[in-house]
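Undergrad:
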Amino acid sequence: MAITSLGAGSGIFSADLVDQLVNAERRPAEVRLDQRQQTTQSKISAYGALRSALEALRSPMETLSAPEGLKAFSANSLSEGVVGVSIDPAVANRGSYSLNISQLAQAQSLASGEFADRDTTAVGTGTLTFNVDGVSTDIVIDDSNNTLAGMASAINDANAGVSAGIVDTGSGYRLVLSSDETGTANAIQVSVSGDGDGSDTDTSGLSRFAFDGTTSNLTETVQAKDALLEVNGIPITRSSNTVEGVVDGVTFDLKSTGTSSVNVARDSDAVAGRVQEFVDKFNALQDVIKKYSGFDSASGRGGVLSGDSTIRSIQSDLRGLLTTIPEGLESSPVRMLGDIGIATDPSTGKLEFDQAKFKEQLDANPGAVSALFAEQDEVEGIAGRTLDRLEGFLSSNGSLSNRTDGLNKTLSDIQDQRDQLDLRIASYEERLINQFSAADSLIAQIQSSGNFVNQQLAAIAPQSNQD
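The sequence shown maps to residues 51 to 517 in the numbering used here.
1) Mind the definition here: the segment 97–116 touches the segment 279–293 only if three or more C-beta pairs lie below 8 Å; say whether that holds.
2) Please state the DSSP three-state secondary structure of ARG597.
3) Whose C-beta lies closer than 7 Å to the C-beta of SER359 among residues of the same chain, with five residues either side of it excluded?
4) Using only CA atoms, which one of ALA202, ILE364, MET386 and ASP367 lies nearest to THR374?
5) Which two residues bound the contiguous beta strand (DSSP E) that contains ALA214?
6) Near ILE361, which residues of its chain fall below 8 Å by C-beta distance, leaving aside the five closest residues on each side in sequence?
7) To test your reading of the DSSP string, which unbroken beta strand (DSSP E) runs of 3 or more residues are found completely within the segment 320–379?
8) Please say whether GLU164 and ALA140 have beta carbons closer to each other than 7 Å?
9) Using the Cβ count rule (16 or more neighbours within 10 Å means buried), how would you classify SER159?
10) Can you give the Cα-Cα distance for ALA166 and GLY174, rounded to whole angstroms?
11) How long is the line joining the alpha carbons of THR197 and GLY233, rounded to whole angstroms?
12) Output the boundary residues of the beta strand (DSSP E) element that contains ILE390.
13) Using 10 angstroms around the beta-carbon of GLY255, count the other beta-carbons present and answer buried if the total reaches 16, otherwise exposed.
14) Across which residues does DSSP place VAL135 in a beta bridge pair?
15) Are the CB atoms of ALA161 and ARG224 nearer to each other than 7 Å?
16) Give me the DSSP bridge partner(s) of THR519.
17) PRO396 and ASP389 look like a contact to me (Cβ under 8 Å); what is the Cβ gap, rounded to whole Å?
18) Which residues in the same chain as GLY176 place their Cβ atom closer than 7 Å to its Cβ, once the five residues preceding and following it in sequence are excluded?
19) Could you tell me the distance, in whole angstroms, from the CA atom of ASN181 to the CA atom of VAL212?
20) Helix, strand or coil for ARG168? Go by DSSP, reduced to three states.
21) Opposite PHE123 in the DSSP bridges: which residues?
22) Between the C-alpha atoms of PHE408 and GLY391, what's the straight-line distance to the nearest angstrom?
23) For the putative contact between LEU149 and VAL133, defined by C-beta atoms under 8 Å, what is the C-beta separation to the nearest angstrom?
24) Going by Cα to Cα distance, which pick from GLU270, GLN336 and ALA424 is closest to SER102?
25) Among the residues of its own chain, which have a CB less than 8 Å from the CB of ALA199, if the five just before and after it don't count?
26) Report buried or exposed for ALA81, applying the criterion of at least 16 other Cβ atoms within 10 angstroms of its Cβ.
27) For LEU371 versus ARG435, is the C-beta distance shorter than 7 Å?
28) Can you have a look at GLY220 and say buried or exposed, based on whether 16 or more other CB atoms are within 10 angstroms of its CB?
29) One question on the structure: do ALA320 and ALA122 come within less than 7 Å of each other, judged by their Cβ atoms?
30) What does the alpha-carbon distance come out to for the pair SER249 and ASN209?
31) On the criterion of 16 or more Cβ atoms from any shown chain inside 10 Å, does SER318 qualify as buried, or is it exposed?
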């Protein structure tokens, strides 16, 4: 409310006085609301940091909750120029293999006779039927594609398992057909029907491209071959030089004929690295909990979540999960985290990880280590149970969401109280102005009456002196 003439009559009840009284009335309530809002916002921020730390812990727990999370293998070939090797860590197991490659797989190539040119010389009309690995594909050759170039384009567009190209020999042009895949199963057979010259098997017209085991009017320039090898003395035949399925989880990449040895060994460092990530994320969570709920002896103050039941519950649940013995491991040499080199520092609540001890137990008792973390025989390990609990903490109706929703409601209530305070202060200011204006008017009237009396007395005084 604008105040323009307050105090003009008396000089006492000024606009500045109203401002001072209004501020004195507003300030205590405003300070309380500011402090409450700051505390609420700090708690929301703290719960956000806690949520982020729990989400970070979820990732390594997901890895370790699956049996393959505790498996990792590395493989090497003694002669990389002969055979390369790759593995699927979820399936592979330790083993040593001697390989003797006597033949590499190769794709078949066929070539036609020479033609004078590629774009104008007619090659014949009719239908070519390609049969590759039991799949037949018909390609019609007519006036629209009756050249080497037209035929090659039609074959390549047909996805018949065959690629076509044209070779310039220097004296003419030849159509070259190549199997898209290696191996004898992918050898090419070409039969002709409806040849425009009346014969599907002679050496003129479209039948010049027949190659079906009976009629061989194309020249085989590269023979289709399977890969032949021995693995630990066992003969193996494959249509491809990428050999899968011979050893579970192991793929051999054949590069040349010859011999080599392949060794698949457990990669304890990789598994220890996954466990180390879990330890690191758990310890980072402890740092967040300490920051927001711990007590600072130097300042004598606790964190913004000090004494909070939600954070106590989270910490208690996780510690309990990490110290339990999964069902079935009661008599195992590996029963709990301490048995594999993971101990808790009682002064900080953090985990300490002895990787050397872990690798020793992983090599000696891989099944028990896996069962400690991952599900086995329908019994969840530590990682699986922890993951379930984390999902509960982080869910939309979990404890963190409920606490955050409650705090956001508090912020909304604080804003409502600010709005109510503004209305109350505005009413108080208006009341002061009205009261001060009335008092100012009354004082002005009294002053005016006093001035009148003084004037009358002053007028009477000279007459009294003359008498």
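Note that the Cβ used here is the ideal one computed from N, Cα and C, for glycine as well.
TA: The answer reads as follows:
1) Cβ pair count under 8 Å is below three, so no.
2) The first residue shown for the chain is 51 and the last is 517, placing residue 597 beyond what the model contains.
3) Indexing the sequence shown from 1 puts residue 359 at position 309. Apart from the 5 residues on each side of it in sequence, SER359 has no Cβ closer than 7 Å to any other Cβ in its chain.
4) For the purposes of this step, residue 374 is taken as the residue at position 324 of the sequence shown. Measuring C-alpha to C-alpha distances from THR374 to each of ALA202, ILE364, MET386 and ASP367 identifies MET386 as the nearest.
5) Mapped onto the sequence shown, residue 214 falls at position 164. Counting along the chain, ALA214 sits inside the beta strand (DSSP E) bounded by residues 212–218.
6) Residue numbering aside, residue 361 sits at position 311 when the sequence shown is read from its first letter. Taken in chain order, the residues that qualify are LEU100, ILE339, TYR342, SER343 and LEU355.
7) Runs of beta strand (DSSP E) with 3 or more residues, each lying fully within the segment 320–379, are absent.
8) Translated into the one-based positions of the sequence shown, residue 140 becomes position 90. Translated into the one-based positions of the sequence shown, residue 164 becomes position 114. Their beta carbons are not under 7 Å apart, which means ALA140 does not touch GLU164 by this criterion.
9) Here residue 159 refers to the residue found at position 109 when the sequence shown is read from its first residue. By the neighbour-count rule (16 or more Cβ atoms within 10 Å), SER159 is buried.
10) In the sequence shown, residue 166 corresponds to position 116, counting from 1. In the sequence shown, residue 174 corresponds to position 124, counting from 1. So the two alpha carbons sit approximately 14 Å from each other.
11) Here residue 197 refers to the residue found at position 147 when the sequence shown is read from its first residue. Here residue 233 refers to the residue found at position 183 when the sequence shown is read from its first residue. Roughly 30 Å separates the two Cα atoms.
12) Counting from 1 along the sequence shown, the entry for residue 390 is found at position 340. No beta strand (DSSP E) holds ILE390; DSSP gives it neither H nor E.
13) Numbered from its first residue, the sequence shown carries residue 255 at position 205. Per the 10 Å Cβ criterion, buried.
14) The sequence position of residue 135 within the sequence shown is 85, counting from 1. BP columns for VAL135 point to PHE302.
15) As a position in the sequence shown, residue 161 is number 111, starting the count at 1. As a position in the sequence shown, residue 224 is number 174, starting the count at 1. It is a contact, given that the beta carbons lie within the stated cut-off.
16) Residue coverage of the chain in this structure runs from 51 to 517, which leaves residue 519 outside it and unanswerable.
17) Looking up residue 396 in the sequence shown gives position 346. Looking up residue 389 in the sequence shown gives position 339. Actually they are not in contact, since the Cβ atoms of PRO396 and ASP389 sit about 18 Å apart, beyond 8 Å.
18) For the purposes of this step, residue 176 is taken as the residue at position 126 of the sequence shown. Close CB contacts of GLY176 within its chain, under the 7 Å cut and outside five residues either way in sequence, are with ILE191, VAL242, SER243, GLY244, ASP245, GLY246 and LEU256 (chain order).
19) Position 131 of the sequence shown, counted from the start, is the residue given in the question as residue 181. Position 162 of the sequence shown, counted from the start, is the residue given in the question as residue 212. If you draw a straight line from the Cα of ASN181 to the Cα of VAL212, it is about 9 Å long.
20) Mapped onto the sequence shown, residue 168 falls at position 118. Looking at ARG168 - three-state DSSP - the assignment turns out to be coil, as it is neither helix nor strand.
21) Residue mapping note: residue 123 aligns to position 73 of the sequence shown, counting from 1. In DSSP, PHE123 forms a bridge with ARG316.
22) As a working note, residue 408 is residue 358 in the sequence shown. As a working note, residue 391 is residue 341 in the sequence shown. PHE408 and GLY391: Cα-Cα distance of roughly 5 Å.
23) Here residue 149 refers to the residue found at position 99 when the sequence shown is read from its first residue. Here residue 133 refers to the residue found at position 83 when the sequence shown is read from its first residue. About 6 Å separates the beta carbons of LEU149 and VAL133, which is inside the 8 Å limit, making them a contact pair.
24) Numbered from its first residue, the sequence shown carries residue 102 at position 52. Ranked by Cα distance from SER102, the options GLU270, GLN336 and ALA424 are led by GLN336.
25) The sequence position of residue 199 within the sequence shown is 149, counting from 1. Sequence-distant partners of ALA199 (beyond 5 residues in either direction) whose C-beta falls short of 8 Å from its own C-beta, in its chain, are ARG168, ASP169 and ILE216.
26) Position 31 of the sequence shown, counted from the first residue, corresponds to residue 81. Position check: residue 81 holds Val in this sequence, whereas Ala was assumed. By the 10 Å Cβ count, VAL81 comes out exposed.
27) In the sequence shown, counting from the first residue as 1, residue 371 sits at position 321. In the sequence shown, counting from the first residue as 1, residue 435 sits at position 385. Yes, they are a contact pair.
28) Position 170 of the sequence shown, counted from the first residue, corresponds to residue 220. That one is exposed.
29) The count along the sequence shown starts at 1 and reaches residue 320 at position 270. The count along the sequence shown starts at 1 and reaches residue 122 at position 72. Contact check for ALA320 against ALA122 passes: the beta carbons are separated by less than 7 Å.
30) Taking the first residue of the sequence shown as 1, we reach residue 249 at position 199. Taking the first residue of the sequence shown as 1, we reach residue 209 at position 159. If I take the Cα positions, the gap works out to 27 Å.
31) Along the sequence shown, one-based indexing puts residue 318 at 268. Buried: at least 16 other Cβ atoms inside 10 Å.
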